[in-house]
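Be aware that the sequence shown starts at 126, since it is given in this note's numbering, and climbs by one per residue. For each residue, glycine too, the CB sits at the ideal point set by N, CA and C.
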Amino acid sequence: MRIESDIKLDYKDVLMRPKRSTLTSRKEVDLVREFTFPNAGGEGADPKAYGWKGVPIVAANMDTVGTFEMAKALAQHRMLTCVSKHYDGDVWAHKLNGYGIWKNREQRLANEKDWKYDRDSDNWQNRIYEHISPSIGIKYDPNKTDDIDYLNNITWNFYHTRFVCIDAANGYTARFCDFIKRVREEHPALIIIAGNVVTGEMTEEIILSGADIVKVGIGSGSVCTTRVQTGVGYPQFSAVVECADAAHGVGGYIMADGGCTCAGDVAKAFGGGADFVMLGGMLAGHTECEGQEEEIDGKKYKTFYGMSSETAMKKHNGGVASYRSSEGKTVRVEHRGLVKKTLESILGGLRSTCTYIGARRLKDMPKCATFVRVSQQSNEVFGKNSQ
Numbered sequence: 126m127r128i129e130s131d132i133k134l135d136y137k138d139v140l141m142r143p144k145r146s147t148l149t150s151r152k153e154v155d156l157v158r159e160f161t162f163p164n165a166g167g168e169g170a171d172p173k174a175y176g177w178k179g180v181p182i183v184a185a186n187m188d189t190v191g192t193f194e195m196a197k198a199l200a201q202h203r204m205l206t207c208v209s210k211h212y213d214g215d216v217w218a219h220k221l222n223g224y225g226i227w228k229n230r231e232q233r234l235a236n237e238k239d240w241k242y243d244r245d246s247d248n249w250q251n252r253i254y255e256h257i258s259p260s261i262g263i264k265y266d267p268n269k270t271d272d273i274d275y276l277n278n279i280t281w282n283f284y285h286t287r288f289v290c291i292d293a294a295n296g297y298t299a300r301f302c303d304f305i306k307r308v309r310e311e312h313p314a315l316i317i318i319a320g321n322v323v324t325g326e327m328t329e330e331i332i333l334s335g336a337d338i339v340k341v342g343i344g345s346g347s348v349c350t351t352r353v354q355t356g357v358g359y360p361q362f363s364a365v366v367e368c369a370d371a372a373h374g375v376g377g378y379i380m381a382d383g384g385c386t387c388a389g390d391v392a393k394a395f396g397g398g399a400d401f402v403m404l405g406g407m408l409a410g411h412t413e414c415e416g417q418e419e420e421i422d423g424k425k426y427k428t429f430y431g432m433s434s435e436t437a438m439k440k441h442n443g444g445v446a447s448y449r450s451s452e453g454k455t456v457r458v459e460h461r462g463l464v465k466k467t468l469e470s471i472l473g474g475l476r477s478t479c480t481y482i483g484a485r486r487l488k489d490m491p492k493c494a495t496f497v498r499v500s501q502q503s504n505e506v507f508g509k510n511s512q
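Here's what the structure looks like:
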């Protein structure tokens, strides 16, 4: 047993100090980033051919948030959506209206030269594959249909798929990195997102195993109860800072996953070194989300649940196995309308942050940010939700 005595911090424990800025308007701030990835394409590949350009905010791969409707909405803002792993190929075909789909090898080869794929098009349909990622678990069984088979099916039928999100609640298991290596070997061109972890040494190992982006966060999500149920976790802001330092040291990137409750938290994640920020609860309850709808006392609500909750396990596995427990919860979220306004609020907050700290580009936020520890975030004399 050992105890680490240095204090670890969450987003609620810090604020960014304002600095002199030459920016005269929020319009001058560039939130688009362009990435080249350390492993995508394989050894000797042209990094630019396997890069990505967009606003690095990501919808979480949860049943209710990681939907195709959400992907279409986020694509219009050049953001990414990791869609739920529980969509099969037929659902992909239906939701994407047949865009980029071939029913067999001959049809695909015949149409491949004629289908114009424009990464920079203003039409979301022409660039949807830049902003959508299938998600998979780490189930591998050569004798049964497994997650590798699922990925093979998606990448075959949706030829321009750029990303894959390999998702495991516990990224510290021995087979996790072995699975990443297998995916990298079979799909050298894909940009691999993998997690979740919260420490620098495991971040490095995941990148060295073939991933490009490491998801960082354990127990910090709004519908996650891992910390309560297991006593395991790590304060999210410190996890972001430490894992970003480790990832950048080996040429990789991190995606802060969980813990953001407002636009200011998203800004703190980027300021702390996150390259991407994944959002679940902040995007829940919108029209683009799935989930049961209810009306209570004249107000509309949508169900939002964690992917380790009893609700999720009943839906996908028939119930909670006797050897495990639920590590998520199910909540009702008041219906929030179209996600567009929420996205604009987040982007507006980020631009404002940049003007306060003197960052012309989102990429510059870590070098411009100075954090101070605080005991209070805001004045709530009239409540958090006062208008």
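Subject >> Closest Cα partner of T441 within the set M204, R151, Y212 >> reply: Checking the displayed sequence, the identity of residue 441 turns out to be His instead of Thr. Out of M204, R151, Y212, the CA that lies nearest to the CA of H441 is found in Y212.
Closest by C-alpha distance to E452, when choosing among T351, K210, V458, Y430: Nearest C-alpha to E452: T351.
Three or more beta-carbon pairs under 8 Å between the region 480 to 496 and the region 382 to 402, yes or no? They touch, by the three-pair rule.
Start-end ranges of the beta strand (DSSP E) lying completely within the region 336 to 424, minimum 3 residues = The region 336 to 424 contains these whole beta strand (DSSP E) runs: 338 to 341, 378 to 382, 401 to 404, 418 to 421.
Note to self: Within the continuous beta strand (DSSP E) that includes T478, where are the two ends?
What the structure shows: Per DSSP, T478 is not a residue of any beta strand (DSSP E); the alpha helix (DSSP H) it occupies stretches across 465 to 482.
Query raised in the report: Rounded to the nearest angstrom, how far is the Cβ of I338 from that of V375, given a contact under 8 Å?
Result: Contact doesn't hold; Cβ gap of about 12 Å is too wide.
Quiz item: Opposite I257 in the DSSP bridges: which residues?
Solution: For I257, which the question treats as bridged, DSSP gives the partners T206.
query = If you draw a straight line from the alpha carbon of P360 to that of A372, how long is it in whole angstroms?
reply = Approximately 18 Å, taken between the alpha carbons.
To the nearest angstrom, report how far apart I379 and K173 are at their CA atoms. Computed Cα separation, rounded: 19 Å.
Using the three-state DSSP reduction, which class does A319 fall into: helix, strand or coil?
Here A319 sits in strand by DSSP.
Can you tell me whether G346 is buried or exposed, with buried defined as 16 or more other CB within 10 angstroms of its CB?
Buried: at least 16 other Cβ atoms inside 10 Å.
- Message: Can you list, in chain order, the residues of its chain with a C-beta nearer than 7 Å to that of G327? Leave out the 5 residues immediately preceding and following it.
- Response: The sequence shown places Met at residue 327, not Gly. Here the set comprises G296, Y297.
Can you confirm whether the region 154 to 174 touches the region 132 to 142 when touching is taken to mean that 3 or more C-beta pairs between the two stretches lie within less than 8 Å? Not touching, per the Cβ criterion.
CA-CA distance, D303 and S334? In this structure, the alpha-carbon of D303 lies about 8 Å from that of S334.
| field | DSSP-derived helix/strand/coil call for M490 | value | Helix, per DSSP.
To the nearest angstrom, how far is it from the Cα of G320 to the Cα of A294?
Each residue's alpha carbon lies about 7 Å from the other.
Exercise. Provide the residue(s) that pair with K178 in DSSP beta bridges, ordered along the chain.
Key: DSSP output for K178 lists E159 as bridge partner(s).
* Once you ignore the five residues that flank I421 on each side, which residues in its own chain have a CB closer than 7 Å to its CB? -> If we look at I421 and ignore the five residues flanking it on each side, it has no Cβ neighbours.
For the beta strand (DSSP E) containing I291, name the first residue and the last one.
Annotation: the continuous beta strand (DSSP E) that includes I291 extends over 288 to 292.
Please tell me whether V323 and C368 are closer than 8 Å, where the distance is taken between their beta carbons. Yes, the pair counts as a contact, with Cβ atoms nearer than the cut-off.
Checklist entry - What separation, rounded to the nearest whole angstrom, lies between the Cα atoms of D292 and E505? => result Going from the Cα of D292 to the Cα of E505 covers about 37 Å.
Identify the residues that DSSP records as bridge partners of T298: which are they? Beta-bridge pairing links T298 to no other residue.
For this session: Please name the residue in T428, K210, V391 whose C-alpha comes closest to that of I471.
Result: When only C-alpha atoms are compared, the closest one is V391.
Note to self: Relative to the C-alpha of S433, which candidate in G410, G443, K424, Q501 has its C-alpha closest?
What the structure shows: Per the Cα distances, G443.
Point to revise | Inter-residue spacing [alpha-carbon to alpha-carbon] between D171 and E194 | key: In this structure, the alpha-carbon of D171 lies about 33 Å from that of E194.
Going by other Cβ atoms of all chains shown within 10 Å of its Cβ, with 16 needed for buried, is E237 buried or exposed? Unreliable placement is indicated for E237, whose pLDDT of 48 sits below 50; the coordinate value is still reported in the next sentence. Exposed: under 16 other Cβ atoms inside 10 Å.
R127 - partner residues in DSSP beta bridges: Paired residue(s): none; R127 is not in a bridge.
- Item | Three-state secondary structure (DSSP) of V308 | Shown here, V308 sits in a helix according to DSSP, grouped into three states.
In this structure, what does DSSP give as the bridge partners for F429? Under DSSP, the beta-bridge partners assigned to F429 are V456.
With burial defined as no fewer than 16 other Cβ atoms inside 10 Å of the residue's Cβ, what is the status of K241: buried or exposed?
-> In this predicted model, K241 has a pLDDT of only 46, less than 50, meaning its place in the structure is not dependable; the value taken from the coordinates is given anyway. When all chains shown are included, K241 counts as exposed.
Report task. For T447, count neighbouring C-beta atoms within 10 Å of its own C-beta (all shown protein chains included) and say buried if the count is 16 or more, exposed if not. Result -> Checking the sequence shown, residue 447 turns out to be Ser, not Thr. S447 is exposed by the Cβ-count criterion.
Report task. For R252, count neighbouring C-beta atoms within 10 Å of its own C-beta (all shown protein chains included) and say buried if the count is 16 or more, exposed if not. Result -> Counting C-beta atoms within 10 angstroms of its own C-beta, R252 has 16 or more neighbours from the protein chains shown and is therefore classed as buried.
*Around the C-beta of F301, are 16 or more other C-beta atoms found within 10 angstroms, so that it is buried, or is it exposed?*
In this structure F301 is buried. Its beta-carbon is surrounded by 16 or more other beta-carbon atoms within 10 angstroms.
Assuming I482 and M204 form a contact by the criterion Cβ under 8 Å, report the distance between their Cβ atoms to the nearest whole angstrom. Wrong, their Cβ atoms sit about 22 Å apart, outside the cutoff.
Note to self: In whole angstroms, give me the CA-to-CA distance for V183 and P313.
What the structure shows: Spanning the two alpha carbons is a distance of roughly 23 Å.
ask   = Between Q417 and the rest of its own chain, which residues show a CB-CB distance below 6 Å, the 5 nearest in sequence each way excluded?
value = Counting only Cβ-Cβ distances below 6 Å, and skipping sequence neighbours, we find T428.
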